[in-house]
Every structure is written in C-alpha cells, then in structure tokens.
Ligand SMILES: Cc1cc2nc3c(=O)[nH]c(=O)nc-3n(C[C@H](O)[C@H](O)[C@H](O)COP(=O)(O)O)c2cc1C
C-alpha cells in the first residue's frame, strides 16, 4: 500500500511539479486592483475593458462587456472578438485569452451591455506541459463529477473560467432587505460596468437570486482581508430567504439611501438599484445603477484569483507558494483554522470559482 502511495506521489510530482494549487486563491489587494488589465480585440482598435466587464453566467459561460450606445454595434461587429488578460506593469505579458461569440444585448440609458459566450481560451500562466497535465486531470475528473445539473460546465468553459480569474475578483458581501426580512451573502461574479453601472450573477436556483429580484435593490460591501473568512462562511446564506442578523459575528449599520444593513467593517459600500435582470442558464444576471458609494477605509481588500495566476505572480517559487497556501487557508478558515462555524450553519466554506460551484 505504501509503495503504491509512494508511486502515486512521484508520478504526481513529475506531472504537476509544484502547480497543484487551490483553484481559488484569496489575496489582499488595494482597490481597484492594478495588477491585470483586460483588453478587447476585434472591434476597431483594441481597447481596455478592465473595469467594464463581469461574468454573467457560468453554464453557459457568458461575459458581459459594457459599451457606449453610440459605438454602432451589430452582431457582425463581434465575429472575431477576444479578451486578452495582460500584466499591467513590467513587460505587459499576455497571461490569457478568451475568444467570444455574441449572444445578446441589454440596453439601459446610454449604455449597451453585450453578453458574449466564451468559445475557446488559452492560459499562459503555467508552463505548457504543466497546463496540459492539469487539462488531462480536469478531463478525467469530469467523469466523476457530481456537480448539480444546472451548473455543469464543459471543459472549454472551465478553462475559460480559469482565465477570467487571472483578473483579481473583489470579494463582496451583498446585503438585501432589512433586519426583519433580509439576507447577506458573498459574491464574486460581480463587477463594475462603467458609467455608474454594476453587474452581478446569482445562481438561478438559489433563494438569494429570487430575493434580489423581488426587492430590486441591494448594498454591496467590499471586505477587508481580516474579515475574509467570515464572508466565506456566509456562503450558505445563498440558500436562505432571510437570516437572523443577531447571529452575525459583526456589527452592521444602515446603508445611506436604502437603509439596508451593511457590515461596519466594509472598506467600501455601494448601493445598487437593479435596472434589468435576465435568466441566462445556471445564473440570473442583474445590471444595476450605483446610487451611492462610500469609501470607508483604504485597507487591503479580499480578492480572489485562480491558483495558476498565483503561480505566475510568485514566479513559481515553491517556498512562496507554500507560504501563500497557508495564508489562503487562514483567509478562508480564519486564524484558528476551524472548518465550519455551527453558529453560521455553513456546510461548505470554499466555493467561489465558477469551475466549482458559483
Ligand atoms: C466567496 C464566495 C463567493 C461566491 N460568489 C457567488 C456569486 O457571485 N454568485 C452565486 O450565485 N453564488 C456565489 N457563491 C455561492 C456558492 O457558489 C454556493 O452557492 C454556496 O457556497 C452554497 O452552495 P453549496 O452548498 O452548493 O456550495 C459564492 C460563495 C463564496 C464562498
């Protein structure tokens, strides 16, 4: 038995080296992140869309990009569209690419929100042989997958989703309703869409999505790194209609316009009035107008990136990767490394990447 285990470890070491990392890595970054820029190719001259895009659905994998209405867009404009994820400083290396296909458009005011479906992708964060070892493992795991049927992603979609997480995704806590009938839950499939708009994707089958749809407004708080584990443990609230706010391990205060309870620790709170929402596949996509925004502190904000990008960030240095894995665990589980806090009734503390359960 020991021999088999030994052989397995050796083969693993040869195939993956030091690249067997968590899919989702938590980091503390200054907001807005300045490590990665995203460029749109295929419509006139390439232009930066870093703060104008967000994932709108994971199965199928759709990305929403905001445009000005005057941009004269037509389905034909989007035949060969691609996103390029680049290092912002240094040699501005391309870290990943996703080719896109036009799917549909949402029009609000002078903005046009185009939904693209991911086609194929390339990831440059890992050396080729390592990347292919991961792709093989991914294909093998696909057979044994027990994902719920509503979020079954193809291998292509999973690979493209990994590329989307080269750009650090802020971790948000979304608050909805009030202290008698409301909820608070983590979100990372969310982001700015330019011109005061914000987009976010919530799993269609979860109660949180239905609550937002009914109430039509919410407050979105960014999370300072020391509170990251608390935000992770609130993932189970996606399945709840409302929560008992007294059970939360932090104080809240009413948001500026809507009076929605928001965490006192939030680094930034923005209130969103939902303008449009549509069911895409596994997720319902919401686009809203930011009606207020308050920066409360400049602390490092909890963000999520993919393990492949973390490998690239740390130059593949094994010692640094080990240290960052330990930090990541603390960020997700708290300093005492407890798995679940019964008081928060959470069953699965880790699940953010669309490749897993978002
Ligand atoms: C950090 C974090 C971010 C999440 N972001 C989203 C999100 O943006 N949209 C969504 O529908 N669910 C999101 N979830 C919820 C999970 O995908 C999942 O629905 C939740 O963990 C409970 O379901 P499970 O018990 O099946 O894992 C997030 C969870 C965590 C921990």
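In our numbering, the protein residues as written are 263 to 620. Using N, Cα and C, we set each Cβ at its ideal position, and we do this for glycine too. Because the structure is a prediction, the values reported are computed rather than measured.
Subject >> Local Cβ density within 10 Å of residue 394, reported as buried at 16 or more and exposed below that >> reply: Translated into positions along the chain shown, residue 394 becomes position 132. It counts as exposed.
Original post:
Can you tell me whether residue 568 is buried or exposed, with buried defined as 16 or more other CB within 10 angstroms of its CB?
Top reply: Within the chain shown, numbered from 1, the residue matching residue 568 stands at position 306. Its Cβ being crowded by 16 or more others within 10 Å, residue 568 is buried.
Original post:
What is the DSSP secondary structure of residue 272, reduced to helix, strand or coil?
Top reply: As a working mapping, residue 272 is identified with position 10 in the chain shown. Helix at residue 272.
Original post:
Near residue 543, what residues of its chain come up, given a Cβ to Cβ distance below 6 Å and the 5 sequence neighbours on each side ignored?
Top reply: Looking up residue 543 in the chain shown gives position 281. Counting only Cβ-Cβ distances below 6 Å, and skipping sequence neighbours, we find 319, 321 and 322.
Original post:
residue 500 lies in the alpha helix (DSSP H); which residues open and close that run?
Top reply: Mapped onto the chain shown, residue 500 falls at position 238. That residue, residue 500, is in no alpha helix (DSSP H); it is neither H nor E in DSSP.
Original post:
Between the region 550-564 and the region 479-495, do at least 3 Cβ pairs fall closer than 8 Å?
Top reply: yes
Subject >> Bounding residues of the alpha helix (DSSP H) (the contiguous stretch that carries residue 490) >> reply: Looking up residue 490 in the chain shown gives position 228. Unbroken alpha helix (DSSP H) run through residue 490: 490-495.
Original post:
In three-state DSSP terms, what is residue 305?
Top reply: Along the chain shown, read from residue 1 onward, the residue named residue 305 stands at position 43. If DSSP states are grouped into helix, strand and coil, residue 305 belongs with coil.
Original post:
Would the beta-carbon of residue 531 fall within 8 Å of that of residue 509?
Top reply: As a working note, residue 531 is residue 269 in the chain shown. As a working note, residue 509 is residue 247 in the chain shown. No, they are not a contact pair.
Subject >> Identity of the residue in 551, 577 and 592 nearest residue 369 by Cα >> reply: As a position in the chain shown, residue 369 is number 107, starting the count at 1. Measuring from the Cα of residue 369, the nearest candidate turns out to be 551.
Subject >> alpha helix (DSSP H) segment containing residue 441, residue limits >> reply: On the chain shown, position 179 is the one that residue 441 refers to. Segment: none, residue 441 is in no alpha helix (DSSP H) and carries neither H nor E.
Original post:
Fully enclosed by the region 349-378, which beta strand (DSSP E) runs are 3 residues long or longer?
Top reply: 356-370
Subject >> Which of helix, strand or coil DSSP assigns to residue 288 >> reply: In the chain shown, counting from the first residue as 1, residue 288 sits at position 26. In this structure, residue 288 counts as strand in the three-state DSSP scheme.
Subject >> Close beta carbons around residue 573, own chain, < 7 Å, minus the five adjacent residues each side >> reply: Here the question's residue 573 lines up with position 311 in the chain shown. Taken in chain order, the residues that qualify are 281, 283, 387, 388 and 583.
**OP:** Alpha carbon to alpha carbon, how far is residue 595 from residue 270? Give it in angstroms, no decimals.
**Re:** Here residue 270 refers to the residue found at position 8 of the chain shown. Here residue 595 refers to the residue found at position 333 of the chain shown. Cα to Cα, residue 270 sits roughly 29 Å from residue 595.
Subject >> Beta carbon of residue 376 nearer than 8 Å to that of residue 326 >> reply: Position 114 of the chain shown, counting from 1, holds the residue named residue 376. Position 64 of the chain shown, counting from 1, holds the residue named residue 326. Yes, Cβ-Cβ distance for residue 376 and residue 326 is below 8 Å.
Subject >> residue 350 beta carbon less than 8 Å from that of residue 298 >> reply: Here residue 298 refers to the residue found at position 36 of the chain shown. Here residue 350 refers to the residue found at position 88 of the chain shown. Yes. Within cutoff.
Original post:
Can you tell me the Cα-Cα spacing of residue 547 and residue 268, whole angstroms?
Top reply: On the chain shown, residue 547 is found 285 positions in, with the first residue counted as 1. On the chain shown, residue 268 is found 6 positions in, with the first residue counted as 1. Cα-Cα distance, rounded: 47 Å.
Original post:
What is the DSSP secondary structure of residue 610, reduced to helix, strand or coil?
Top reply: Taking the chain shown and counting its residues from 1, one reaches residue 610 at position 348. The predicted position of residue 610 is uncertain, since its pLDDT is 35 and thus under 50; a value taken from the coordinates is nonetheless stated next. Coil.
**OP:** In the DSSP assignment, find the beta strand (DSSP E) that holds residue 418 and state where it starts and stops.
**Re:** Along the chain shown, read from residue 1 onward, the residue named residue 418 stands at position 156. Note, residue 418: premise wrong, no beta strand (DSSP E); alpha helix (DSSP H) at 417-426.
Subject >> Span separating the alpha-carbon of residue 404 from that of residue 352 >> reply: Start at 1 with the first residue of the chain shown, and residue 404 comes out as number 142. Start at 1 with the first residue of the chain shown, and residue 352 comes out as number 90. Inter-residue distance for residue 404 and residue 352 is about 37 Å (C-alpha atoms, whole angstroms).
Original post:
Among all the DSSP beta bridges, which residues are the ones paired with residue 386?
Top reply: Translated into positions along the chain shown, residue 386 becomes position 124. Answer is none; residue 386 lacks a bridge partner.
Original post:
Cβ of residue 464 within 7 Å of any heavy atom in ligand 1?
Top reply: What you label residue 464 is simply residue 202 of the chain shown in a count that begins at 1. Within the cutoff, so yes.
Subject >> residue 445 versus 502, 578, 402 and 459, residue with shortest Cα-Cα distance >> reply: Start at 1 with the first residue of the chain shown, and residue 445 comes out as number 183. Looking at the Cα atoms, 502 is the closest of the given residues.
**OP:** Say yes only if the C-beta of residue 324 is nearer than 7 Å to one or more non-hydrogen atoms of ligand 2, and no if none qualify.
**Re:** Ligands present in the displayed structure are limited to ligand 1, and ligand 2 is not among them.
Original post:
Nearest-angstrom Cα distance between residue 519 and residue 533?
Top reply: For the purposes of this step, residue 519 is identified with residue 257 of the chain shown, where counting begins at 1. For the purposes of this step, residue 533 is identified with residue 271 of the chain shown, where counting begins at 1. Cα to Cα, the separation comes out at about 7 Å.
**OP:** With DSSP as the reference, label residue 558 as helix, strand or coil.
**Re:** Reading the chain shown from its first residue, position 296 is the one you call residue 558. In the structure shown, residue 558 sits in coil (DSSP, three-state: anything other than H, G, I, E or B).
Original post:
Roughly how far, in whole angstroms, is the beta-carbon of residue 292 from the beta-carbon of residue 358, given that I think they are within contact range, below 8 Å?
Top reply: As a first step, residue 292 must be located in the chain shown, where it is residue number 30. As a first step, residue 358 must be located in the chain shown, where it is residue number 96. Their Cβ separation, rounded to whole angstroms, is 22 Å, which puts residue 292 and residue 358 out of contact at 8 Å.
**OP:** Could you tell me which residues DSSP pairs with residue 589 in its beta bridges?
**Re:** Counting from one through the chain shown, the residue named residue 589 turns up at place 327. DSSP lists no partner for residue 589.
Original post:
So, is residue 483 buried or exposed, given that buried needs 16 or more other C-beta atoms within 10 angstroms?
Top reply: Position 221 of the chain shown, counted from the start, is the residue given in the question as residue 483. Buried, by the Cβ-count rule.
Original post:
Taking the alpha carbon of residue 457 as the point to measure from, which residue in 295, 328 and 303 has its own alpha carbon closest?
Top reply: For the purposes of this step, residue 457 is identified with residue 195 of the chain shown, where counting begins at 1. Out of 295, 328 and 303, 328 has the C-alpha closest to the C-alpha of residue 457.
Subject >> Secondary structure of residue 474, DSSP reduced to three states >> reply: Stepping through the chain shown from its first residue, residue 474 is reached at position 212. The answer is helix: DSSP assigns residue 474 an H, G or I state.
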